[in-house]
Amino acid sequence: MNRPPVVSTEEWQVARDALLVKEKELTHALDALAAERRRLPMVRLDPDKYQFTAPDGSTVSLAGLFDCHRQLVVYHFMLGPGQDWTCGGCTTFTDNIDNQAQVHLSARNTRLILISSAPQDEIDKYRERFGWSVPWYSSYGTTFNDDMGLSAFGLSVLLRDGDEVFRSYFTTGRGVDRLRLDFNLLDLTPYGRQEQWEDSPDGWPQDPTMSWLRPSDQY
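In structure tokens:
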């Protein structure tokens, strides 16, 4: 098995300290990027335009999604009406969301939810299948997905000020990628995610990108 070179503790510490300098530079760069993100302009949304179906079957408005919180993080889960396939990326991403984090987000007046365009009864099957407890709403019958410019999955951040609702941020692709605990932990390991796009030494195990991911009940 190909593996990193083995060195003395002293040599390892020198190499580790050199990498730490670069890690701290990246941390500061991410802090600066977050500061810019906090200064992004916003888009006003019509709070009366949409009616969503909550997990308990009740109907809520856009403002109702906040559940009295000021900020809302929405993961747009790829599940459309009558969809007969499972989005592996969305499914494994949701596995990484621990609903226990809600209490900590609430301390900062923020809530995390999922939204899909499938009807709530179709969403229920996924919720029960994987045992998820993250609040998952249906936008079925609305133009919400189209108005958000969604062609696939993504993550939006909304802000509520009284009766006004704004969209402050959106990301997709690798922007959502970096929020996953599993990917971040694998990035710390010698072999990484073991995907072909990664810059790894010759002979490292590598598969086509995300080809190894499965819904948790299919491993």
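Mapping of the sequence shown onto the working numbering: position 22 corresponds to residue 76, and the numbering continues sequentially without gaps. Built from N, CA and C at the ideal position, the CB exists for glycine as well. Note that this is a predicted model, so its numbers are computed, not measured.
Query	Result
Could you name the residues that DSSP lists as bridge partners for Y223?	V211
If you drop the 5 nearest sequence neighbours on each side, which residues of the same chain put their C-beta closer than 7 Å to that of L159?	R165, L166
Go through the stretch 78 to 166 residue by residue and report every complete run of the alpha helix (DSSP H) that reaches 4 residues or more, in order.	142 to 149, 156 to 160
Does the separation of the CB atoms of V188 and I151 fall below 8 Å?	yes
With distances taken Cα to Cα, identify the nearest neighbour of P135 among I177, T113, P255.	I177
Is it the case that the CB of Q137 approaches a heavy atom of the ligand GTP more closely than 7 Å?	Absent from the structure shown: the ligand GTP. Ligands present: none.
Looking only at its own chain, which residues have a Cβ that is under 7 Å from the Cβ of R70, when we skip the five neighbours before and after it?	none
Quick one: any contact between the stretch 217 to 224 and the stretch 99 to 110, if contact means 3 or more CB pairs under 8 Å?	yes
Are the CB atoms of T107 and Y245 within a distance shorter than 8 Å?	no
Determine the closest residue to R92 out of V211, C144, G216, with distance taken between C-alpha atoms.	V211
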